[in-house]
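S.K.: Next up is a structure, given as structure tokens.
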Amino acid sequence: MEKFEMIKKLGDGAYGTVFAALHKQTGELVAIKKLNQRCSSLQQCLSLPEVQSLSKLNHPNIVQLKEVIAQYSSAYFVFEYMQSSLNDLIETKRQTGFTEDEIRNICYQMFQGLASMHKTGYFHRDMKPENVLVKEGAVKIGDLGSAKEIDSPPPYTDYVTTLWYRAPEVMLRSDRYCPKVDMWAMGAIMAELFSLQPLFPGRSDADQIFKICSVIGRPTLGSWRNGLLLARQMNYQFPQTDGFGLSAMIPTASESAIKLISSLCSWDPSARPTAADALKHPFFVGNYHVPSLGDKIISCLRRILLFPCSCDTSDLVVNCF
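Numbers 17 to 337, taken from this note's numbering, label the letters of the sequence shown in order.
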């Protein structure tokens, strides 16, 4: 670590603390993650899931791991430096919002990264705006601490993905899920880029499922038979609601964007497109409409009614105009 000069702390995560650092010889700016987990040797560091996955993933839309260092029982991951996260970018857009072309560009890069990751045999399991990094127009998937091999044997833990982006099959304790959990998260992230508000801001697993039902309606035997079986095993009953619909929640989105988000946020994982399929969706061709002011006002009123405790209503009204 002596060859690096620590500049500033960038943030803390579940798996460690990230710093901006300067390589003393080359002058290169990098990001260094110091893991919370202690490592007794370099070999132990190299066996960690994040290192195992990133060592096999080489794609422009996945953050690059440059070096692994084991020193004084601590592990350090040296990454390429990215300016900020997608979450930070969303915060800077609170007043102006994203154009649909900007959203299209961001999501296309994310789907490219996921398509490569899934093809290589891994899925992320913790897709959220904080784990997507941006720099000068480039968008890269980061923080693969929860990544898992697709072919790894069950059971899988149900504590993955931040609650707002967690797929329903995970909340219903499915002991085997698949890369389609990343697709569900992508649907929620896409919607958030349009509205600048989380689509499903739940406070617990039960409240999260209620928020989902309030938007897309409850699942049925026809739409997700296995989900009803999972719920029955937990003695859980879905709320009896048909939902407001995605168009009401994000009226600024074009018809093709709504269709893509709807497919990504399908109750049944098998009904969600793969990342590779999503890249071929008409949304990325660019057909969209400009919503009316009335559409925006109706959407804001519905969000206030639907999520009274989790939204700043003054912000919602301001953002309508």
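Idealized CB from N, CA, C, for every residue including glycine.
The structure displayed is predicted, hence computed values, not measured ones.
Per DSSP, what are the beta-bridge partners of I78 in this structure?
M.R.: I157
S.K.: Three or more beta-carbon pairs under 8 angstroms between the region 258 to 267 and the region 224 to 241, yes or no?
M.R.: yes
S.K.: How many whole angstroms separate the CB atoms of K50 and S100, which I take to be in contact at a CB cut-off of 8 angstroms?
M.R.: With a Cβ gap of about 20 angstroms, K50 and S100 do not count as contacting.
S.K.: Could you tell me the alpha carbon to alpha carbon distance between S286 and L149, rounded to whole angstroms?
M.R.: 28 angstroms
S.K.: Give me the Cα-Cα distance between E165 and G27, rounded to the nearest whole angstrom.
M.R.: 27 angstroms
S.K.: Should Y31 and G158 be called a contact, given that it needs their Cβ atoms to be closer than 7 angstroms?
M.R.: No, they are not a contact pair.
S.K.: Here's a check: name, in chain order, each residue in its chain whose Cβ is nearer than 6 angstroms to the Cβ of R219, leaving out the five neighbours to either side.
M.R.: none
S.K.: So what does DSSP say about E152, is it helix, strand or coil?
M.R.: coil
S.K.: In three-state terms, what does DSSP make of P324?
M.R.: Since pLDDT at P324 reaches only 49, below the 50 mark, its modelled position is unreliable, and the value read off the structure follows with that caveat. Coil at P324, not helix or strand.
S.K.: What's the call for Q249, buried or exposed, on a 16-neighbour Cβ count within 10 Å?
M.R.: exposed
S.K.: Could you tell me if R54 is buried or exposed, where buried requires 16 or more neighbouring beta carbons within 10 angstroms of its beta carbon?
M.R.: exposed
S.K.: Leaving aside the five residues before and after P195 along the sequence, list all residues of the same chain whose C-beta is less than 7 angstroms from its C-beta, in chain order.
M.R.: H134, F139, I166
S.K.: So what's I119 in DSSP terms, helix, strand or just coil?
M.R.: Assigned with DSSP and collapsed to three states, I119 falls in helix.
S.K.: Could you have a look at A264 and say whether DSSP puts it in helix, strand or coil?
M.R.: A264 carries a helical assignment under DSSP once its states are collapsed to helix, strand and coil.
S.K.: To which residues of the same chain is E208 closer than 8 angstroms at the C-beta, ignoring the five residues directly before and after it?
M.R.: So the list reads I106, P145, P214, L215, once near-sequence residues are dropped.
S.K.: Give me the Cβ distance between M265 and S190, rounded to the nearest whole Å; I'm assuming they're in contact under 8 angstroms.
M.R.: The distance from the Cβ of M265 to that of S190 is about 26 angstroms, inconsistent with a contact at the 8 angstroms cut-off.
S.K.: Roughly how many angstroms separate the alpha carbons of P289 and S56, rounded to a whole number?
M.R.: 42 angstroms
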